[in-house]
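What follows is a short report on a single structure.
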Amino acid sequence: RAKSEARGSFRFFEPEMDARLQARRLMERDLRDALAREAFEVYYQPIYSLGTERICGFEALLRWNHPGRGFVSPAEFIPIAEELGLIVPLGEWVLRRACEEASRWPDGLKIAVNVSAVQFTSASLVTAVRETLRATGLPGRRLELEITESVLVANPGATTAILHSLRAMGVRVSMDDFGTGYSSLSYLRSFPFDKIKIDQAFVRDLGATDGTDFIVRAVIGLGASLGMTTTAEGVETEAQLARLRAEGCDEVQGYLFSRPVPITQVPAVIQRWNGAARAIA
Ligand code: C2E
Ligand code: MG
Ligand code: MG
Ligand code: MG
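Each number in my numbering corresponds to the 1-based position in the sequence shown with 15 added.
Okay, structure coming up:
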């Protein structure tokens, strides 16, 4: 049986893997080239505080405008950049660009930057953050780093020390995509996060299944009792927003408020939500 399965998978392997490897090599070449030419852009999505009813910051989201393929999703190219060892320079580029832009925004607005597992535990992260804050003049309290559970799985020992060094600079750290990994609860107990971002998969199913509603309620309660802020990702409808508000979620983010926008549109987004005469959605 094992033999026939092996033979079956071998047949599948030959042509398809070849094509995939080929595509992959092209992607690698393009990615190196793009980094050299700085062919990336940072988009910004507002994060809305339900406490103040104002935008309290933006999340920086990387965009790669590929010459032949148009916008390539970060979900597609970040894992490749990690494997190629390009994620550290790429991540530092995003950090620098996002902090530079944010240093020009009104003082109340924070900037959240995603950091991959490889970058977070690299020897240079703390130095890069310190140097970026110094160079851009952004106060540490206005910077948040978003990490996923894979960081903790990869290197729990180093993580604690890094979290403390960041905290000493006033920089906050969020647990991104909460609820999609392996052992979220034990990580929350062991690591001093400032914020939990409830994954959009849960937000999407709000109101559709009782189980989801109970989980979201529990996570918000958990965050509150651990002294962590909760942010819901992927809020697309008024009904989802109403439920999150009723459950006491602190912050929300999603297409209902705004899609991620290029830097040129950030002032209009701020004006729309925080301006003197606020427009209604
Ligand atoms: P994430 O950090 O969880 O970011 C949220 C993703 O949800 C973003 O996708 C955002 O555009 C999308 N989103 C926001 N609101 C909505 C909504 O209402 N509905 C739906 N369906 N989606 C929404 P994006 O920009 O494609 O990024 C995907 C992931 O790639 C991010 O997930 C993050 O893990 C990673 N990523 C993005 N930029 C960077 C970066 O600069 N560095 C690293 N290491 N990772 C990044
Ligand atoms: Mg994120
Ligand atoms: Mg997320
Ligand atoms: Mg995600």
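Positions of the beta carbon are idealized from the N, C-alpha and C atoms, including for glycine.
Separation of residue j from residue i, as counted between CA atoms
i, j, result
"Val267", "Arg219", "13 Å"
"Gln37", "Leu46", "14 Å"
"Asp214", "Val141", "26 Å"
"Phe206", "Leu148", "24 Å"
"Ala183", "Gly106", "21 Å"
"Ile102", "Ala254", "38 Å"
"Ile235", "Gly263", "7 Å"
"Val231", "Thr244", "13 Å"
"Gln60", "Ala247", "13 Å"
"Gly222", "Val284", "29 Å"
"Pro277", "Glu116", "11 Å"
"Ala239", "Lys210", "10 Å"
"Arg78", "Arg111", "15 Å"
"Cys114", "Val281", "14 Å"
"Pro171", "Ala96", "22 Å"
"Leu200", "Gly242", "14 Å"
"Asp225", "Glu146", "47 Å"
"Leu41", "Leu237", "45 Å"
"Thr67", "Arg35", "49 Å"
"Pro297", "Arg204", "Residue 297 is absent from the model: the chain starts at 16 and stops at 296."
"Ser19", "Asp33", "For Ser19, the predicted model reports a pLDDT of 45, less than 50, meaning its position is unreliable and no value from the coordinates is stated."
Own chain partners of residue i with C-beta closer than 6 Å, once the 5 adjacent residues on each side are dropped
i, result
"Asn289", "Arg69, Ile70"
"Ser273", "Pro61, Val284"
"Arg260", "Leu65"
"Gly196", "Glu164"
7 Å CB neighbourhood of residue i in its chain, flanking five on each side removed
i, result
"Phe135", "Ile162, Val166, Ile177"
"Ala169", "Ala132, Thr136"
"Ser180", "Val141"
"Gly155", "Leu148, Met184, Gly185, Val186"
"Pro275", "Tyr58, Tyr59, Gln60, Leu76"
"Arg217", "Before going further, note that residue 217 is Phe rather than Arg in the sequence given. Counting only Cβ-Cβ distances below 7 Å, and skipping sequence neighbours, we find Gly194, Thr227, Ile230, Val231."
"Leu139", "Reading the sequence as shown, one finds Ser at residue 139 and not Leu. Cβ within range, chain order: Val103."
Local Cβ density within 10 Å of residue i, reported as buried at 16 or more and exposed below that
i, result
"Asn80", "exposed"
"Thr174", "buried"
"Glu74", "buried"
"Thr151", "buried"
"Glu164", "buried"
"Asp303", "There is no way to answer for residue 303, as the model of the chain reaches only from 16 to 296."
"Asp265", "buried"
"Phe229", "exposed"
"Arg39", "exposed"
"Ala51", "exposed"
"Gly269", "buried"
"Leu76", "buried"
"Arg157", "buried"
Anticipated Cβ contact below 8 Å, residue i with residue j, distance rounded
i, j, result
"Ser189", "Leu153", "With 8 Å as the limit, Ser189 and Leu153 do not qualify as a contact, their Cβ atoms being about 17 Å apart."
"Leu160", "Val130", "5 Å"
"Ala127", "Gly194", "About 18 Å separates the two Cβ atoms, so there is no contact after all."
"Glu43", "Leu99", "6 Å"
"Val144", "Val109", "Going by Cβ atoms, the distance from Val144 to Val109 rounds to 12 Å, so no, they are not a contact pair."
Sequence-distant residues of its chain with Cβ nearer than 8 Å to residue i (five each side left out)
i, result
"Leu375", "Nothing can be reported for residue 375, as the shown portion of the chain is limited to 16 through 296."
"Ala48", "Note on residue identity: the sequence assigns Asp, not Ala, to residue 48. These residues qualify, in order along the chain: Ala54."
"Arg258", "Leu221, Gly222, Asp228, Val231"
"Tyr63", "Arg69, Ile70, Cys71, Glu266, Val267, Gln268, Phe272, Trp288"
Interface flag, residue i vs chain B, CB-CB below 9 Å
i, result
"Pro121", "Any reference to chain B falls outside this structure, which holds one protein chain only."
Per the contact definition of three or more C-beta pairs closer than 8 Å, is the region 79-94 in contact with the region 117-126? no
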